[in-house]
Amino acid sequence: MGFLGLGEPSLGTFIIFLGAWINRDFTTPVDRYAYTHHEPHLDDTERSSENPVTKIEPLAWNRQDRWRQREISAFGFRKVINTPNTAVFQGRLLSRFLLRFPFLIEIVYWGLIYSVYQMGRAMLAERLRDSTVDVACHHALQVIRLEERLHIFWEPAIQRFFLQYPGVMYWVNRIYSYVHLPATVTFLVGLYWFAITRNRTLARWRQAASGPYLYESKRRSLAICNLLAFCVFSTWPCMPPRLLGDSKTPGDAEHARSFGFVDTVHGRDGAVSVFNTRRFTNQLAAMPSLHFGYSLLIGLSIIQLPIAHPGRCYRVSIPVPFFSKFGFETVSASIRVPSLAKLACQIVGFSYPAMILTVIVATANHFIMDAVAGGTICLLAYRYNEAMLNFLPLEDCLLWCLRIHKPVQEPVCPSKNPDEYS
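Quick note on numbering: the numbering used here labels position 67 of the sequence shown as 48, and the sequence is numbered without any gaps.
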């Protein structure tokens, strides 16, 4: 595994805590809730419910209230329940520390999500049996037959092409093993800064498209994506192309070996990360590909970043010969030229998922249909990401037991006049 095998989690950890420092908050007053003794205006509540993007949590409670209201909803069912109001603990040391370093909350979130996900994969890996391997091989052959019907079974040709260039393959292996986690963490840190940290003044906060919802929706989407992916590969194990031939079932094994896939990541010149060692990782979780699913969601998020100046629109007139007698001397068209920042976002947003798709296929870690499934799962997770909000009452109860108040992301008003909070 080597030093770089531990370098990926080390780099990811460094980026996470660097993000905690970058997104620190030394401007929000600790006693801000002391001036929120009013009820929210009806117009504000209706406006926030009509547009989920502009939804800012109304302060229908103050620090003296014992209870606060949360809404749970599922399949058209909606109910408002009372949960403990943790604002009474905002003066405690740990609550004040979290107020100054709010990104630590995100670290806790992702620590819980990722640890549960990896523990689940490890438990499945420890319980693998020969029969499971045979079933996973059979499922992989089913995927191959489906791709052959769709005329997209290009994996052998793509890997043979890259194997012709050992120098390129060297970096392809390392991109697969060492880029996924640090890139995802960097995206979350950067998006938190873009959506929350830089918008702590009231003037910027009114640009609702770049408020907390922009970040929180992506975080919830990635969490649901992990849950859906775990449900898929725990009930429908699928062998990656590089392991085809490990099955001992007569017929399937010979057919699987005939494709000639090579395990480049775990080979002599490969790049094994601590997260893809065979002992602690479920190797039969090719379907769906979270490498591509994550990269697609990250790429689309970068492309759609609400940059203030997306570009300029130019009107161009082109002379048309031989049509003047018909009254068409020129043809006018409007051409929108993106700004440099918007163009950079579009290039990065398209290039990153394209690179990951190429890498996972060239290293024979996933089929093309695995990437399709991964992208579909992440898009579904983004569509229904607000289902995670139903866990907020449980979070309130847990924080109440721990006597901790989680800081609420809101704009900082320069004055302490209570009327300004309306």
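Every residue gets a Cβ at the ideal spot worked out from N, C-alpha and C, and that includes glycine.
- If you compare the alpha carbons of L208, K199 and Q264 with that of V166, the shortest gap goes to K199.
- Distances from the alpha-carbon of G274 to those of L127, S158, G355 and L265 put G355 closest.
- In this structure, DSSP gives S54 an extended state, which the three-state scheme calls strand.
- Your pair L265 and C219 checks out as a contact, with CB atoms roughly 7 Å apart and the cut at 8 Å.
- For R130, the closest C-alpha among the options T245, P147, M350 and C382 is that of M350.
- Rounded to whole angstroms, L278 and V69 show a C-alpha spacing of 37 Å.
- Per DSSP, the unbroken alpha helix (DSSP H) holding A354 starts and ends at I349 to R364.
- Only exposed fits G241, as fewer than 16 other CB atoms lie within 10 angstroms of its CB.
- By DSSP's assignment, P269 forms no beta bridge with any residue.
- Remark: C-beta atoms of L195 and A176 approach each other more closely than 7 Å.
- Within a 10 Å sphere around the beta-carbon of M268 sit 16 or more other beta-carbons, which makes this residue buried.
- Counting the other Cβ atoms within 10 Å of the Cβ of E52 gives fewer than 16, which makes it exposed.
- Contact annotation: F134 and A343 have beta-carbon atoms that are not nearer than 7 Å.
- For T8 against R179, the beta-carbon gap comes to about 12 Å, at or over 8 Å, which does not count as contact.
- Sequence-distant partners of A55 (beyond 5 residues in either direction) whose C-beta falls short of 8 Å from its own C-beta, in its chain, are A368 and N371.
- The Cβ-Cβ distance between G101 and F214 does not fall below 7 Å.
- Here R102 carries a helix assignment [DSSP, helix/strand/coil].
- Note on T216: under 16 other CB atoms within 10 angstroms of its CB, so exposed under the neighbour-count rule.
- Per DSSP, S320 is not a residue of any alpha helix (DSSP H), being assigned neither H nor E.
- The beta carbon of F168 sits closer than 7 Å to the beta carbons of I279 from its chain, once the five residues preceding and following it are set aside; these are given in chain order.
- Taking the Cβ atoms as the reference, Y98 lies roughly 5 Å from N207, within the contact range of under 8 Å.
- If you draw a straight line from the Cα of L321 to the Cα of G330, it comes to about 14 Å.
- DSSP, read as helix, strand or coil, puts W91 in helix.
- By the C-beta criterion, the stretch 374 to 389 is judged to be in contact with the stretch 64 to 79, since at least 3 inter-stretch pairs fall below 8 Å.
- Closest in C-alpha terms to V160, from the list S276, R47, R81 and R59, comes S276.
- Comparing alpha carbon positions, the residue from I3, A335 and P(-10) closest to L85 is I3.
- Counting only the Cα atoms, S112 lies some 44 Å from I284.
- Relative to the Cα of V170, the nearest Cα in the group I(-3), K60, A352 and N346 belongs to I(-3).
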